[in-house]
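Those letters in the sequence shown? Residues 10 to 110, per our numbering, in order.
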Amino acid sequence: MTTLSDFVRKNVSPKEYYDTQFDSIRWSMGTEARVNCAFHSEKTPSLHLNEDTGAYYCHGCSASGRSIIKFHADVTKTSHEAAASDLYAKFIHPVIPDAKV
């Protein structure tokens, strides 16, 4: 049986997710990008992101994870399950507000 986390990992592009999180992201290093870390202040980008796997690692503060779900949970300070649910709602099954309907 597929879990919500598995479904999100399979159907949400890490590149698409990270593009929404970082305004000035550039994927110029092959399948990786380097940006200013979301977990600490810095002047020189030290957070490395992988567009294929969603893995991330900061060489400044050692924040790390293997998926966009983990990254989203860490950034929003929520549980893994809440992060997966949030990503599902934003990228797979968005709800259109009544005002727009």
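Note that CB positions come from ideal geometry on N, CA and C, so glycine has one too.
Could you please give the first and the last residue of the uninterrupted beta strand (DSSP E) stretch that includes residue i?
i, result
"N45", "Element bounds for N45: n/a, residue is neither H nor E."
What three-state label does DSSP hand residue i in the structure shown?
i, result
"H57", "strand"
Identify the residues that DSSP records as bridge partners of residue i: which are they?
i, result
"S73", "Y66"
"M10", "Answer is none; M10 lacks a bridge partner."
Between which two residues does the alpha helix (DSSP H) containing residue i stretch?
i, result
"F31", "Counting along the chain, F31 falls outside any alpha helix (DSSP H), and DSSP gives it neither H nor E."
"A93", "H89 to L96"
ask   = Any contact of the segment 87–95 with the segment 67–75, i.e. 3+ C-beta pairs under 8 Å?
value = No: the two stretches stay apart, fewer than three of their Cβ pairs being nearer than 8 Å.
ask   = Does the pairing of the segment 92–103 with the segment 15–22 give three or more beta-carbon distances under 8 Å?
value = Flag = yes, the segment 92–103 and the segment 15–22 touch.
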